[in-house]
Amino acid sequence: MRVTGYRSHGVSAAVALVNAVTAGGDDSPGALRRILRDNDFFWREFEDADAGEFRRWGRVLRPFFDAARLEDATALLNRLMLEIPLHPHLSDHEPHGLHMHYAPPSSRLPDRFRATTLMNLAELVVEHGLGRTGVCAAGGCDRVYADTSRAGRRRFCSEACANRTNVAAFRARHRT
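Using the working numbering, the letters of the sequence shown map in sequence onto residues 290 to 465.
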């Protein structure tokens, strides 16, 4: 059985997009195309003219990762599910095999991306609440993360931020 939900590429793509758009990342058309490619979306369909729609979606999703209360996160997701055209259906294509698509089959790539990331974030919340998402705990970092580990204890956007924070704490302890 293949596991979906918080391990899905839609969650990773949402994190990458939010970081590219709202946390000083690269939100150029080429970088957005790489986010799609790295997360198994049909990146060849991306047109430079779509970049604005992707950037707007990254800004729309940011409050989900900033949410401190489950009620705030679910209210945002519920509002978006009413706004985004959804048409769940089964699809069978390479490299994924049989799986769910959430946008109408005739939708453009930005619409399919919005529907997929939205539904995958909703699945994440249903499965794990807000305990696996957030803003990096490293001082001065405002990047977001979604924890796909088994333990679910992640608090940082990257190992670099975790290491920098741990080294600073170690040095502070040894100074006293």
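Yeah, the Cβ is synthetic: ideal placement off N, Cα and C, and Gly gets one too. Note that this is a predicted model, so its numbers are computed, not measured.
Residue nearest to residue i in terms of C-alpha spacing, selected from the options
i           : options            : result
residue 396 : 297, 344, 362, 374 : 374
residue 388 : 409, 413, 319      : 409
residue 348 : 432, 453, 464      : 432
residue 345 : 360, 321, 425      : 321
residue 434 : 444, 392, 339, 440 : 444
residue 429 : 436, 439, 360, 450 : 450
residue 379 : 368, 371, 391      : 391
residue 317 : 299, 336, 340      : 340
residue 416 : 394, 436, 333, 453 : 436
Whole-angstrom C-beta distance between residue j and residue i, which should lie under 8 Å
i           : j           : result
residue 404 : residue 350 : Not quite, the Cβ-Cβ distance comes to about 13 Å (not below 8 Å), so this is no contact.
residue 237 : residue 413 : Because the chain spans 290 through 465 in this model, residue 237 falls outside it and cannot be assessed.
residue 324 : residue 309 : 7 Å
residue 420 : residue 441 : 6 Å
Beta-carbon gap between residue i and residue j smaller than 8 Å
i           : j           : result
residue 352 : residue 365 : yes
residue 384 : residue 342 : no
residue 354 : residue 424 : yes
residue 328 : residue 305 : yes
Query raised in the report: Of all the alpha helix (DSSP H) runs that stay within the bounds of the region 356-441, which reach a length of 4 or more residues?
Result: Here the runs fully enclosed are 359-372, 398-417.
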